[in-house]
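Visitor: If you read the sequence shown in our numbering, its first letter stands for residue 541, the second for the next number, and so on. Provided herewith is a single structure, encoded as structure tokens, for subsequent inquiry.
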Amino acid sequence: MSQLNDTTRTVTHLIDLSGIREFRTIDQCDQTVTLGAAVTYTSLLSVKNSQCAPPLLRKIAGWITGGPQIRNQGTIGGSACYANPASDIPTGLLALEARMVCVSAERGVRIVDIDKFFKGAFLTTLADDELLTKIDVPVDRPGDVWGYAKLKTAESSWPVAVAAARLRKAASGAWLAHVTIGASTVVPTHVGTFEFSNDNDVGRETLAHIQECVNSLPAGSFWTDELVSDSYRKRVASSAAFKAILDAFAERGN
Ligand SMILES: Cc1cc2nc3c(=O)[nH]c(=O)nc-3n(C[C@H](O)[C@H](O)[C@H](O)COP(=O)(O)OP(=O)(O)OC[C@H]3O[C@@H](n4cnc5c(N)ncnc54)[C@H](O)[C@@H]3O)c2cc1C
541 MSQLNDTTRT VTHLIDLSGI REFRTIDQCD QTVTLGAAVT YTSLLSVKNS QCAPPLLRKI
601 AGWITGGPQI RNQGTIGGSA CYANPASDIP TGLLALEARM VCVSAERGVR IVDIDKFFKG
661 AFLTTLADDE LLTKIDVPVD RPGDVWGYAK LKTAESSWPV AVAAARLRKA ASGAWLAHVT
721 IGASTVVPTH VGTFEFSNDN DVGRETLAHI QECVNSLPAG SFWTDELVSD SYRKRVASSA
781 AFKAILDAFA ERGN
């Protein structure tokens, strides 16, 4: 809709999916939360029982730029299908290891693991005749906590770097922070799992370790647009990852 509005895209037919009830529901069955493709940020934030809405996605939804108009209208599925590198939802879905339910009238249902869904900037694996109908998100394990960080050039800007960190206690008692970055990269990317005995361990060495992992990503991994260059994004990606780990430890303390 934003492309139609600024005339970078024209279409002859426009199909509004928002009237399909199944596209707007959130269900939980056993260990999976299923989000209809047209669930909005506002509906995620309005779920009474927060167990039924993935905590990471709720956190991201609360931080979407653009105010209530965007949160009421923008959808989780629309953001995933748009695949704008400079956005939040793709990183959240990769961090959560979501599964994308894609449907074609001719070929039926195809379930795509999220790490195979994003093919490049503004490009997904969806075929021209396919719709994303649902997104399956595994329920967090008991004790998991999520941190998220978003760097923007201005309050009204789309993100230039985001990161999600899942903090999970290992059998050894150590904390494992599994970190995923995006907005800085063309497609969301796992950067690694970092081990800590407690939050006091998160310091300069952690940042250096994250920088090593970020610097080892292949050439062409980082995104350039009118906001900032790929080299800038590469520099700030590690800071976003570091902040996400700190946010996860802060969340654990709450
Ligand atoms: C001012 C502004 C600020 C914003 N700030 C942020 C931000 O901070 N972070 C962020 O992540 N995003 C941000 N967004 C993006 C916004 O959150 C929306 O998610 C995004 O614009 C997609 O909108 P939509 O859900 O209405 O999808 P649409 O615009 O309707 O669709 C996007 C694309 O996906 C296709 N599509 C949609 N649904 C499906 C489906 N079910 N199956 C197949 N194809 C489909 C459409 O054909 C279209 O090509 C912002 C947008 C605006 C306008």
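Think of the CB as a built atom: it goes at the ideal place given N, C-alpha and C, for glycine as much as any other residue. Here the structure is a predicted model, which means the values were calculated and not measured.
For R670 versus S644, is the C-beta spacing smaller than 7 Å?
Guide: First, the amino acid is wrong: residue 670 is Glu here, not Arg. Cβ atoms of E670 and S644: closer than 7 Å.
Visitor: So, for R611: in the same chain, excluding its five sequence neighbours on each side, which residues have a beta-carbon less than 8 Å away from its beta-carbon?
Guide: Closer than 8 Å at the Cβ level, and outside the excluded window around R611, lie T580, Y581, T582, L585, A601 and I604.
Visitor: Return the Cβ separation of K674 and T572 in integer angstroms, given the expectation that the two are a contact with Cβ distance under 8 Å.
Guide: Wrong, their Cβ atoms sit about 10 Å apart, outside the cutoff.
Visitor: Could you check whether the Cβ of A593 sits closer than 7 Å to any Cβ belonging to chain E?
Guide: The chain inventory of the structure shown lacks chain E, comprising one protein chain alone.
Visitor: Residues near ligand 1, CB to any non-hydrogen atom under 6 Å, in chain order?
Guide: The answer, residue by residue, is M541, S542, L557, A577, I604, T605, G606, I610, Q613, G614, T615, G617, G618, S619, C621, Y622, S627, D628, I629, L666, L671, L672, W698 and P699.
Visitor: Compare the C-alpha of R775 against each of P728, N755 and R792 and name the closest.
Guide: Of the listed residues, the one whose Cα sits closest to R775 is N755.
Visitor: Going by DSSP, which residues form a beta bridge with Q568?
Guide: Its beta-bridge partners are V573.
Visitor: Leaving out the 5 sequence neighbours to the left and right, which residues in its chain are closer than 6 Å to A661 when beta-carbon positions are compared?
Guide: Closer than 6 Å at Cβ, skipping near neighbours: P625 and V726.
Visitor: According to the neighbour-count rule (16 or more other Cβ atoms, all chains shown, within 10 Å of its Cβ), is H718 buried or exposed?
Guide: By the neighbour-count rule (16 or more Cβ atoms within 10 Å), H718 is buried.
Visitor: Let me make sure I understand the geometry here. Which of H730, A784 and A701 has the alpha-carbon closest to that of L767?
Guide: The shortest C-alpha separation from L767 is found at A701.
Visitor: Could you give the distance in angstroms between the alpha-carbon of K709 and the alpha-carbon of L716?
Guide: Between K709 and L716, the C-alpha separation is close to 6 Å.
Visitor: H730 and T746: beta carbons closer than 7 Å?
Guide: Taking 7 Å as the Cβ cut-off, H730 and T746 do not qualify as a contacting pair.
Visitor: Taking the CB atoms as reference points, tell me whether L672 and A577 lie closer together than 7 Å.
Guide: Cβ atoms of L672 and A577: closer than 7 Å.
Visitor: Leaving aside the five residues before and after L557 along the sequence, list all residues of the same chain whose C-beta is less than 6 Å from its C-beta, in chain order.
Guide: These residues qualify, in order along the chain: F563 and A578.
Visitor: Heavy atom of ligand 2 less than 6 Å from the Cβ of S558, yes or no?
Guide: The model on display carries ligand 1 but not ligand 2.
Visitor: Determine the DSSP secondary structure at V754, reduced to helix, strand or coil.
Guide: Helix at V754.
Visitor: So for G509, helix, strand or coil by DSSP?
Guide: No statement about residue 509 is possible, as the shown extent of the chain runs from 541 to 794 and does not include it.
Visitor: Tell whether a beta-carbon distance below 7 Å holds between A638 and V677.
Guide: In this structure, V677 lies closer than 7 Å to A638 by Cβ.
Visitor: Quick check on V649: buried or exposed, where buried means 16 or more other Cβ atoms within 10 Å of its Cβ?
Guide: Exposed is the call here.
Visitor: Pull up the DSSP beta-bridge partners for M640, would you.
Guide: BP columns for M640 point to V652 and I675.
Visitor: If you run the structure through DSSP and keep just helix, strand and coil, what is H730?
Guide: Here H730 sits in strand by DSSP.
Visitor: Which residues in the same chain have their Cβ closer than 7 Å to the Cβ of A667, if we skip the five residues on either side of it in sequence?
Guide: Excluding positions up to five away in sequence, the list reads S644.
Visitor: How many Å lie between G693 and R647 at the Cα?
Guide: The amino acid occupying residue 693 in the given sequence is Thr; Gly does not appear at that position. Each residue's Cα considered, the two are about 43 Å apart.
Visitor: Should R681 be labelled buried (16 or more other beta-carbon atoms within 10 Å of its own) or exposed?
Guide: Counting Cβ neighbours within 10 Å, R681 comes out exposed, since fewer than 16 surround it.
Visitor: In this structure, does DSSP put V776 in helix, strand or coil?
Guide: Three-state result, V776: helix.
Visitor: Thinking just about the alpha-carbon of each residue, which of L757, L544, F762 and L707 is nearest to the one in F782?
Guide: Cα-wise, what sits closest to F782 is L707.
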